[in-house]
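Data first, discussion second: the structure below is written as structure tokens.
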Amino acid sequence: MANQIEVKNLSKSFGNHQVLKNVNFEVPSKKIFGIIGASGCGKTTLLKTLIGFWDSDSGEIDYETRELKKNLKFIRQIVGFATQDNCVYPKLSVKENLEYFGTLSNVPRATLRSNINKVIKFVHLEDSADELAENLSGGMQRRLDIACALIHNPRILILDEPTEDLDPILRKDILSLIKKINQDDTTVIITSHLLHEAEQLCDEIAILHNGKILRRGTPEQLRKQFSREDEIHLITLKKNYTQLMKCLKSSKIKKIERFGNRLMIRTTDAENTLQKLIHGIKKQKDKIVQVDVRKPSLSEVFVSLVKKSGETPRGH
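Just so we're aligned: 599 in the numbering used here is position 117 of the sequence shown, and the numbers increase by one with no gaps anywhere.
Here you go:
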């Protein structure tokens with residue numbers, strides 16, 4: 483199956499405020515698909531419309547060629563959803579939360595116990611199975627929330643800002659868990675405003691801005707297709723870049739910055755710029771320790787696309 487989900491001309495308003503505007507995208511089967519954008523761009527509204535929590539004003543959502551509105555029962559069997567805010571019950575234990583959500587998802591009693599044991603092990607909560615949810619750390623609560631979304635063995639997992647409010651170490655744990663879930667042949671959809679995380683995690687990305695999809699593709703495709711600039715990252719033996727920076731004045735040089743011992747030059751003509759750098763380094767009797775040419779980050783692409791759209795971000 484090439485595409486597991488297809489979204490066609492989806493629009494959603496609240497009163498006179500249109501939050502989603504003719505949104506179109508496809509989610510490939512067994513991939514990690516990211517929806518990225520600034521806070522207030524419509525990410526949560528899009529996810530809640532995707533799962534049928536809110537009805538769309540117009541458009542169509544198909545899961546495995548079945549239309550959402552006509553097949554809600556089937557779709558809720560194959561989709562798991564975890565919100566931005568943990569939805570577990572604080573006064574229930576880990577096992578009790580999983581049992582409750584498994585019952586809600588109509589997991590047969592005969593298999594519920596084995597599902598609970600399997601998912602507890604999968605998210606590494608074996609030592610806390612009988613702990614009350616309120617006594618778990620923030621990272622463990624997030625893992626439990628994801629476990630509750632996995633209790634019925636969904637083929638698709640949808641996560642709204644899964645690393646929000648977590649410290650860097652806990653974020654890394656959750657990202658590793660998402661990769662592990664995907665390796666188990668589960669399609670994963672995430673939203674995020676942390677572009678560097680999405681760039682590292684996602685197979686494909688849709689950029690959402692003010693309720694519209696600006697662009698969609700792999701991180702590499704987005705970087706190549708929508709940025710004609712390259713970044714040259716350079717470290718020399720002497721690390722004295724003052725004279726080098728002076729010799730690089732050109733309309734093709736878009737930005738020069740120093741980051742500690744490293745010099746970064748953004749240019750529309752990497753080949754010519756490299757030649758100038760090598761000439762300048764030889765002239766100073768210096769040597770290159772490291773040089774790397776790369777496309778700008780996804781964050782830079784995002785900023786560029788938003789500027790080109792002519793619309794400033796707005797909340798909703």
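Each residue gets a CB set at the ideal place from its N, CA and C atoms; glycine is no exception.
In the DSSP assignment, the residues bridged to Ile714 are Ile747, Val775. A direct Cα-to-Cα measurement between Lys490 and Lys551 gives close to 13 Å.
Straight through space, the alpha carbons of Arg740 and Cys729 are spaced by roughly 15 Å. For the options Glu782, Ser540, Ser732, the alpha carbon positioned closest to that of Val501 is the one of Ser540. Taking a contact as a CB-CB distance under 8 Å, the pair Ile633 and Val589 counts as one, their CB atoms being some 6 Å apart. When Asn692, Arg710, Asp685 are compared, the shortest CA-CA separation from Arg698 is found for Asp685. In terms of Cβ geometry, Ile628 and Ala688 do not form a close pair [threshold 8 Å].
Secondary-structure assignment with DSSP links Lys494 through a beta bridge to Leu502. For Leu528, the three-state secondary structure derived from DSSP is helix.
The shortest C-alpha to C-alpha distance from Glu542 to any of Lys503, Lys573, Val576 is the one to Lys503.
Its chain contains Asn579, Ala615, Gln623, Leu626, Asp627, Cys630 as the residues whose beta carbon lies nearer than 7 Å to that of Val570, once the 5 sequence neighbours on both sides are disregarded; these appear in chain order. Scanning its chain for C-beta atoms nearer than 8 Å, with the 5 sequence neighbours on each side dropped, one finds around Ala611 the residues Ser575, Val576, Lys577, Ile602, in chain order. The residue from Leu745, Gly762, Asp768, Gln766 with its alpha-carbon nearest to that of Val775 is Leu745. Judged by beta-carbon spacing, Gly524 lies within the 8 Å limit of Gly693, meaning their Cβ atoms are closer than that value.
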